[in-house]
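Here's the structure we're looking at; comments come further down.
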Amino acid sequence: ETVLTQSPEFQSVTPKEKVTITCRASQNIGNSLHWYQQKPHQSPKVLIKYASQSFSGVPSRFSGSGSGTDFTLTINSLEAEDAATYYCHQSSTLPRTFGQGTKLEIK
Amino acid sequence: EVQLLESGGGMVQPGGSLRLSCAASGFTFSSYPMNWVRQAPGKGLEWVSLISGSGSSKYYADSVKGRFTISRDNSKNTLYLQTNSLRAEDTAVYYCAKGDSSDYWGQGTLVTVSS
Chain A
1 ETVLTQSPEF QSVTPKEKVT ITCRASQNIG NSLHWYQQKP HQSPKVLIKY ASQSFSGVPS
61 RFSGSGSGTD FTLTINSLEA EDAATYYCHQ SSTLPRTFGQ GTKLEIK
Chain B
1001 EVQLLESGGG MVQPGGSLRL SCAASGFTFS SYPMNWVRQA PGKGLEWVSL ISGSGSSKYY
1061 ADSVKGRFTI SRDNSKNTLY LQTNSLRAED TAVYYCAKGD SSDYWGQGTL VTVSS
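Quick mapping for you: the protein sequence lines, in order, are chains A and B. Residues 1 to 107 (our numbering) are what the first sequence spells out, left to right. Residues 1001 to 1115 (our numbering) are what the second sequence spells out, left to right.
Next comes the structure, spelled out in structure tokens:
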């Protein structure tokens, strides 16, 4: 099983700050790594597909990078509406797996 | 516009069964694999099952293997999850999600297993 380890698990940040969330895979998954945002009482929404592909309708301040085992989600100029939990997810190996989540709190 | 609408959740006693459905629209359903993902109260996301576009290939998490069955009816644009021998630890919101990258999700359906 491919274990995805996200860091940090919690971060308190101020608006306009730049945020970086990392996701490390326990084995090489190529670029089959996706990022989601989940707000309370809502379903997850994709932000980035295949490590770095932006998704239609997602603000340009969200970007992704990485390949192999190390991946990064970057949020430039954080906005108050970005308060949420962020998850990475791999679709390279079975079983599919998710990271444990990173909760972003806006100060 | 892609839409996924889950139904079939509810409260059931341990050992019981439920059939979850996911009605899809806005895309060529048969062209995409589909996933079921669940989220226990206050917890993270857990992948449950995957089915290929044709329905010929099916995969399961170890936690549900032998108890849950994924299927699809491409003529009805509908995905299913038959859940049997339910346990308290199966209590969760169950989501269906489109494609390998799970780029669209439904609103979820709540399954509560309790006596």
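Beta carbons: idealized from backbone N, C-alpha and C, even for Gly.
Proximity of Ser-1075(B) to chain A, defined by a Cβ-Cβ separation below 7 Å, is not satisfied.
In terms of CA proximity to Arg-1067(B), Gln-1082(B) leads the group Thr-1078(B), Asn-1077(B), Asn-1074(B) and Gln-1082(B). Residues are counted here when their Cβ sits less than 8 Å from a Cβ of chain A; for the stretch 1046-1057 of chain B these are Glu-1046, Trp-1047 and Leu-1050, given in chain order.
A residue is called buried once 16 or more other Cβ atoms fall within 10 Å of its Cβ, and Ser-32(A) is buried on that count. Per the Cβ contact rule, the stretch 66-73 of chain A is not in contact with the stretch 1002-1016 of chain B (fewer than 3 Cβ pairs under 8 Å).
In the three-state DSSP reduction, Ser-1031(B) falls in the helix class (H, G or I). Under the Cβ distance rule, Ala-1061(B) counts among the residues neighbouring chain A, one pair being separated by less than 7 Å. Among the residues facing chain A, Gln-1107(B) is included, as its CB has a counterpart in that chain under 7 Å away. Note: Ile-21(A) is bridge-paired with Leu-73(A) in the DSSP secondary-structure output. Between the stretch 1023-1034 of chain B and the stretch 47-60 of chain A, the count of C-beta pairs closer than 8 Å stays below three; the two stretches do not touch.
Under the three-state reduction of DSSP, Ala-83(A) is assigned to coil, being neither helix nor strand. Annotation for Arg-1019(B): the continuous beta strand (DSSP E) segment containing it runs 1018-1025.
A straight-line Cα-Cα distance of about 39 Å links Arg-1072(B) and Thr-20(A). Bounds of any beta strand (DSSP E) do not take in Ile-29(A), whose DSSP letter is neither H nor E. Residue environment analysis places Ala-1092(B) among the buried positions, since at least 16 neighbouring C-beta atoms fall within 10 angstroms of its C-beta.
In its chain, beyond the 5 residues on either side, Gln-6 and Glu-9 have a beta carbon closer than 7 Å to the beta carbon of Gln-100(A). In the structure shown, Glu-1089(B) adopts helical secondary structure according to DSSP, grouped into three states.
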